[in-house]
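Enquirer: First the structure, then my questions, so here it is.
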Amino acid sequence: MDIRGKVVIVTGASSGIGEATARRFGGEGAKVVLAARRVERLEALAQEINSMNTGAKTLVVQADLSKLEDIQRMINETLEKFGRIDVLVNNAGFGRLDWLEKLDPLKDIQAQFDVNVMGVIQTTRQALPVMIKQRSGHIINMCSMAGLVGTPTYTIYSACKHAVHGFSEALRREVEPWGIHVSMIYPGGVVTEFAQHAGIRRKTKATTPKALLLTADQVGEAVVKLTRKPRAMWIIPWVWTFSVWMNRHLNWLVDRATVNRFTIPEREEELKAD
Ligand SMILES: NC(=O)c1ccc[n+]([C@@H]2O[C@H](COP(=O)([O-])OP(=O)(O)OC[C@H]3O[C@@H](n4cnc5c(N)ncnc54)[C@H](OP(=O)(O)O)[C@@H]3O)[C@@H](O)[C@H]2O)c1
-1 MDIRGKVVIV TGASSGIGEA TARRFGGEGA KVVLAARRVE RLEALAQEIN SMNTGAKTLV
59 VQADLSKLED IQRMINETLE KFGRIDVLVN NAGFGRLDWL EKLDPLKDIQ AQFDVNVMGV
119 IQTTRQALPV MIKQRSGHII NMCSMAGLVG TPTYTIYSAC KHAVHGFSEA LRREVEPWGI
179 HVSMIYPGGV VTEFAQHAGI RRKTKATTPK ALLLTADQVG EAVVKLTRKP RAMWIIPWVW
239 TFSVWMNRHL NWLVDRATVN RFTIPEREEE LKAD
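With our numbering applied, the sequence shown covers -1 to 272.
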């Protein structure tokens, strides 16, 4: 697929993976719709893309993806300016990571579902009639390893990403006859502002080994590759495929290793107090 001139919506383009993805599409000469809440960041990125001399065009839409009216406005403004939607990258999202009982019912739990799940579903639903009419389109959903393997303190985030996984798989089988692709990408740890917003407090300091961490640009590059060659599922880096296999076939072993090496040391104080 030649990306030049294609209309690409990237949600969550104000930082991290979304920003890097939008920059990559700009480099390919696409018409890029940049959506998120922090509009000044989107405008700075739009300026950068416009000055790339690749023929890229931009549209900035300030949108809170937890609000249906903002999603509808984003789609309407895209159609008004560019007349079609070729690629929708559902990337906006965040995690709030803590023991379930410590997560705030609204600010942490409900809010994650509102953006990470409902935002993806509602945005896709608004874009779909346009793609069906075109008889073409590509929906790329930013999943996560958490959408395949559940880990402690990731309960809600993992539930959200499992929901995106199930949604995308079912949708892929619904829309294929219209010439619409649905691809899912499952990055492991990526160096972005994600951790800053997640509120992680870890005594064990257990985290993704540095060698396995991806940059936002590596994920952005992968998203552009997916646009050229749709794939139902793409786990990056590939080495995580091994943990997915372990989780499916040796679930008890993953349970034991996780509880002994992470949960118990992290919970130590609470267990002592009991
Ligand atoms: N970092 C990782 O390790 C990792 C791994 C796998 C998957 N992911 C996924 O990758 C995606 C991007 O995350 P990131 O790592 O790039 O984190 P990030 O740098 O914090 O970027 C998150 C983006 O989502 C946007 N966003 C959050 N809430 C929003 C809302 N209510 N409305 C509109 N936009 C909203 C933010 O924009 P505003 O705040 O300006 O609205 C920002 O642009 C997420 O779906 C995340 O779950 C991340």
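Glycine residues also receive a C-beta, built at the ideal position from the N, C-alpha and C atoms.
#1: When the Cα atoms are used, what is the spatial distance from alanine 33 to alanine 61?
#2: At a cut-off of 6 Å, would you count proline 185 as near ligand 1, judging by its Cβ distance to the nearest heavy atom?
#3: What is the rounded straight-line gap between the Cα of glycine 197 and the Cα of arginine 133?
#4: Opposite alanine 34 in the DSSP bridges: which residues?
#5: With a cut-off of 8 Å on the beta carbons, I'd call isoleucine 15 and valine 222 a contact; round off their distance for me.
#6: Three or more C-beta pairs under 8 Å: does that hold for the stretch 47 to 58 against the stretch 99 to 108?
#7: What are the start and end residues of the alpha helix (DSSP H) that includes valine 278?
#8: Per the DSSP calculation, asparagine 274 is bridged to which residue(s)?
#9: For a quick check, are the C-beta atoms of leucine 224 and tyrosine 152 less than 7 Å apart?
#10: Do valine 5 and arginine 82 come within 7 Å of each other at the CB atom, strictly closer than that value?
#11: Output needed for aspartate 68: all residues of its chain with C-beta closer than 6 Å, excluding positions within five of it in sequence on either side, in chain order.
#12: Straight-line CA distance for alanine 214 to cysteine 141?
#13: Between which two residues does the alpha helix (DSSP H) containing methionine 244 stretch?
#14: Taking only the alpha-carbon atoms, compute the straight-line gap between isoleucine 1 and leucine 251 and give it to the nearest angstrom.
#15: When the Cα atoms are used, what is the spatial distance from isoleucine 107 to isoleucine 73?
#16: What does a CB cutoff of less than 8 Å around leucine 210 pick up in its chain, not counting 5 residues either side in sequence?
#17: Whole angstroms is fine: what's the gap from alanine 271's alpha carbon to histidine 179's?
#18: Using 10 angstroms around the beta-carbon of lysine 159, count the other beta-carbons present and answer buried if the total reaches 16, otherwise exposed.
#19: Just to confirm the assignment, what range does the alpha helix (DSSP H) spanning threonine 273 have?
#20: Considering Cα atoms alone, identify which of Met244, Ile233, Pro207 and Pro175 is closest to glycine 145.
#21: Mapping DSSP to helix, strand and coil, what is threonine 9?
#22: Would you give the residue range spanned by the beta strand (DSSP E) that methionine 231 belongs to?
#23: For serine 12 and valine 37, what's the separation of their Cα atoms in angstroms?
#24: Methionine 182: beta carbon under 6 Å from a heavy atom of ligand 1?
#25: Hey, is isoleucine 15 close to ligand 1, as in C-beta under 6 Å from one of its heavy atoms?
Expert: In this structure, then:
#1: Along the sequence shown, read from residue 1 onward, the residue named residue 33 stands at position 35. Along the sequence shown, read from residue 1 onward, the residue named residue 61 stands at position 63. Cα to Cα, the separation comes out at about 6 Å.
#2: In the sequence shown, residue 185 corresponds to position 187, counting from 1. Taking the Cβ of proline 185 as the reference point, at least one heavy atom of ligand 1 falls within a distance shorter than 6 Å.
#3: Residue numbering aside, residue 197 sits at position 199 when the sequence shown is read from its first letter. Residue numbering aside, residue 133 sits at position 135 when the sequence shown is read from its first letter. Each residue's Cα considered, the two are about 43 Å apart.
#4: Translated into positions along the sequence shown, residue 34 becomes position 36. Residue pairing from DSSP places alanine 34 in a beta bridge opposite Gln60.
#5: For the purposes of this step, residue 15 is taken as the residue at position 17 of the sequence shown. For the purposes of this step, residue 222 is taken as the residue at position 224 of the sequence shown. Taking the Cβ atoms as the reference, isoleucine 15 lies roughly 12 Å from valine 222, outside the contact range of under 8 Å.
#6: Short answer: they don't touch.
#7: Residue coverage of the chain in this structure runs from -1 to 272, which leaves residue 278 outside it and unanswerable.
#8: With the chain represented from -1 up to 272, any question about residue 274 goes unanswered, as that position is not in the structure.
#9: In the sequence shown, the residue the question calls residue 224 occupies position 226. In the sequence shown, the residue the question calls residue 152 occupies position 154. No; because the gap between Cβ atoms is not below 7 Å, this pair is not in contact.
#10: For the purposes of this step, residue 82 is taken as the residue at position 84 of the sequence shown. For the purposes of this step, residue 5 is taken as the residue at position 7 of the sequence shown. In contact: arginine 82 and valine 5 (Cβ atoms closer than 7 Å).
#11: Your numbering for residue 68 matches position 70 in the sequence shown. Within the same chain, Cβ atoms closer than 6 Å to the Cβ of aspartate 68 are found at Ala61 and Asp62, the five residues on either side in sequence being excluded.
#12: Within the sequence shown, residue 214 is the residue found at index 216, counting from 1. Within the sequence shown, residue 141 is the residue found at index 143, counting from 1. Distance between the alpha carbons of alanine 214 and cysteine 141: 14 Å.
#13: Looking up residue 244 in the sequence shown gives position 246. Where methionine 244 is concerned, the enclosing alpha helix (DSSP H) stretches over 238 to 247.
#14: In the sequence shown, the residue the question calls residue 1 occupies position 3. In the sequence shown, the residue the question calls residue 251 occupies position 253. Across the structure, isoleucine 1 and leucine 251 are spaced so that their CA atoms are roughly 44 Å apart.
#15: Working through the sequence shown from its first residue, we reach residue 107 at position 109. Working through the sequence shown from its first residue, we reach residue 73 at position 75. For the pair isoleucine 107 and isoleucine 73, the Cα-to-Cα distance works out to about 27 Å.
#16: Along the sequence shown, read from residue 1 onward, the residue named residue 210 stands at position 212. Only Gly186, Gly187, Pro235, Val237 and Trp238 meet the Cβ criterion.
#17: On the sequence shown, position 273 is the one that residue 271 refers to. On the sequence shown, position 181 is the one that residue 179 refers to. Take the alpha-carbon of alanine 271 and the one of histidine 179: they are about 52 Å apart.
#18: Counting from one through the sequence shown, the residue named residue 159 turns up at place 161. Result: buried.
#19: Limits of the chain in this structure are -1 at one end and 272 at the other, which puts residue 273 out of reach.
#20: As a working mapping, residue 145 is identified with position 147 in the sequence shown. The alpha carbon of glycine 145 has as its nearest neighbour, out of Met244, Ile233, Pro207 and Pro175, the alpha carbon of Ile233.
#21: Within the sequence shown, residue 9 is the residue found at index 11, counting from 1. Looking at threonine 9 - three-state DSSP - the assignment turns out to be strand.
#22: Translated into the one-based positions of the sequence shown, residue 231 becomes position 233. For methionine 231, the enclosing beta strand (DSSP E) begins and ends at 231 to 234.
#23: Mapped onto the sequence shown, residue 12 falls at position 14. Mapped onto the sequence shown, residue 37 falls at position 39. Rounded to whole angstroms, serine 12 to valine 37 spans 8 Å at the Cα level.
#24: For the purposes of this step, residue 182 is identified with residue 184 of the sequence shown, where counting begins at 1. Methionine 182: no, Cβ never under 6 Å from ligand 1.
#25: As a working mapping, residue 15 is identified with position 17 in the sequence shown. Yes, since a heavy atom of ligand 1 falls inside the 6 Å radius drawn around the Cβ of isoleucine 15.
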